[in-house]
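Student: Residue numbers (this note's numbering): 2 to 314. Where is the CB? At the ideal position from N, CA and C, for every residue including glycine. Note that the coordinates shown come from a computational prediction; the quantities given were computed from them, not determined experimentally.
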Amino acid sequence: MDPALPPRLKEAAEALLEGVSRKDLAAHSTAISKEYRAGGGSARVVRSEADTLAYLVARLPATYAVNAAVLAEVRAAVPDFTPAHLLDVGAGPGTAAWAARETWPALAQATLTDSNASFLDLARKLVPNAEFLPRNLITEALPAADLVIASFVIAEIAEPSSAVSKLYAATTDVLVLIEPGTPQGFARIHAARAQLIAQGANVLAPCTHANACPMTGTDWCHFTQRLPRSRDHMQAKGASVPYEDERYSYLAVSKARRSANEARARILAPPRESKPGIELKLCTPAGLENRSIAKRDKQAFVAVRRAEWSDLV
Ligand SMILES: C[S@@+](CC[C@H](N)C(=O)[O-])C[C@H]1O[C@@H](n2cnc3c(N)ncnc32)[C@H](O)[C@@H]1O
């Protein structure tokens, strides 16, 4: 899927940014990026319209690109799944709602919830034909939906396991959790995976099995998504290259269906080319494996020659 913002979302975001001082935008962007990098939550840094506009410039392109990549993996794992109702929890500007509609254009109903009134106001301006509910994920009830997404939200919750239970209880079919691709983000995904498997969930992605996660020690399972940077995005971040790479960890599970990719292997790092062939770091149902595929093993080599980090083989 295209990692760039869909043209209509880009236009709507640009319209909101018209007349806004680029200097102020850059200052707000720096402040919120710094807070997120330090592991802080939106409640501390996103308090005004100016803050949400800075989120649009500094974070939305990356969180959208990651959602698009993750939902493409979900679609590949369960090609028969055509969600009717999306619940985007901790929706922010409506990132997951946009990515879900791009992935499944027939998606009829979208409910966006957030505890932050400034974010919900922004989402109302950016996401057409949706329902917007001010809801605290921890203390208030969530409506049920066949597709539930919490994108970059669990990081902000003091008690992740009760949030995960609540999200799963609201899910009638597929639940998607996305976190930053840091050791801490992966630790939350790792814990949610064990918890959800214990509750009977079928794992759809990125894992191709429901065995104990083989990732141990200082290693962590994450992926990266490259996305284009607009001029505003570059300016706000003081960046010199027209793209950025966003790292993420994620988990998709289902109550109702199993993955079409069970028993395959997922590439967990950039493939390394060497003179004799290619080296792949794989997660397989039997555990982690470093596999060398020699050029002279023509059939196997051709099959993986163009494979990339996060692909299935
Ligand atoms: C980093 S933003 C992510 C926004 C959006 N999902 C995205 O991927 O771009 C985190 C969002 O979670 C929301 N949030 C944090 N704690 C929450 C809670 N207890 N209940 C509901 N929303 C919460 C924040 O208000 C914010 O909108």
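With distances taken Cα to Cα, identify the nearest neighbour of Thr209 among Asn262, Lys296, Thr96, Gln110.
Tutor: When each option's Cα is compared against that of Thr209, the closest is Asn262.
Student: Just the Cα atoms here: how many angstroms apart are Val254 and Ser22?
Tutor: Going from the Cα of Val254 to the Cα of Ser22 covers about 43 Å.
Student: Roughly how many angstroms lie between the CA atoms of Leu269 and Ala59, to the nearest whole one?
Tutor: In a straight line, the C-alpha of Leu269 is about 27 Å away from that of Ala59.
Student: Flag this pair as yes or no: are the beta carbons of Pro1 and Arg227 separated by less than 8 Å?
Tutor: As shown, the chain starts at 2 and ends at 314. That puts residue 1 outside it, with no answer to give.
Student: Buried or exposed: Asn291, going by 16 or more other Cβ atoms within 10 Å of its Cβ?
Tutor: Asn291 should be labelled exposed.
Student: Here's the rule I'm using: 16 or more other beta-carbon atoms within 10 Å means buried, otherwise exposed. How should Leu167 be labelled?
Tutor: Strictly speaking, residue 167 in this sequence is Lys, with Leu absent from that position. Answer is buried; the Cβ neighbour count reaches 16.
Student: Closest to Arg273 by C-alpha separation, out of Ala266, Pro7, Gln185, Ile294, would be which residue?
Tutor: Per the Cα distances, Ile294.
Student: Find out if the Cβ-Cβ distance for the pair Tyr56, Pro8 is shorter than 8 Å.
Tutor: Cβ atoms of Tyr56 and Pro8: not closer than 8 Å.
Student: Rounded to whole angstroms, what's the CA-CA distance from Ala206 to Thr96? Just pull it up for me.
Tutor: Straight-line Cα distance between these residues: approximately 20 Å.
Student: What three-state label does DSSP hand Ser260 in the structure shown?
Tutor: In the structure shown, Ser260 sits in coil (DSSP, three-state: anything other than H, G, I, E or B).
Student: Which residue from Ala195, Phe120, Leu121, Arg232 puts its Cα closest to that of Lys11?
Tutor: Nearest option by C-alpha distance: Arg232.
Student: According to DSSP, His130 sits in a beta bridge with which residue or residues?
Tutor: Reading off the sequence, residue 130 comes out as Asn, not His. In the DSSP output, where bridge partners are listed per residue, Asn130 has none listed.
Student: Are there 16 or more other CB atoms within 10 angstroms of the CB of Val242, so buried, or fewer, so exposed?
Tutor: By the neighbour-count rule (16 or more Cβ atoms within 10 Å), Val242 is not buried but exposed.
Student: Any idea what DSSP makes of Val177, helix, strand or coil?
Tutor: Correct three-state label for Val177: strand.
Student: Please report the straight-line C-alpha distance between Gly41 and Val154, rounded to a whole angstrom.
Tutor: Going by the C-alpha atoms only, they are around 11 Å apart.
Student: What did DSSP end up calling Leu143 once you bin it into helix, strand or coil?
Tutor: It is coil, neither helix nor strand.
Student: For Phe82, does the three-state DSSP call read helix, strand or coil?
Tutor: Three-state DSSP puts Phe82 in coil, outside helix and strand.
Student: How would you call Gly182, buried or exposed, if buried means at least 16 neighbouring beta carbons within 10 angstroms?
Tutor: By the 10 Å Cβ count, Gly182 comes out buried.
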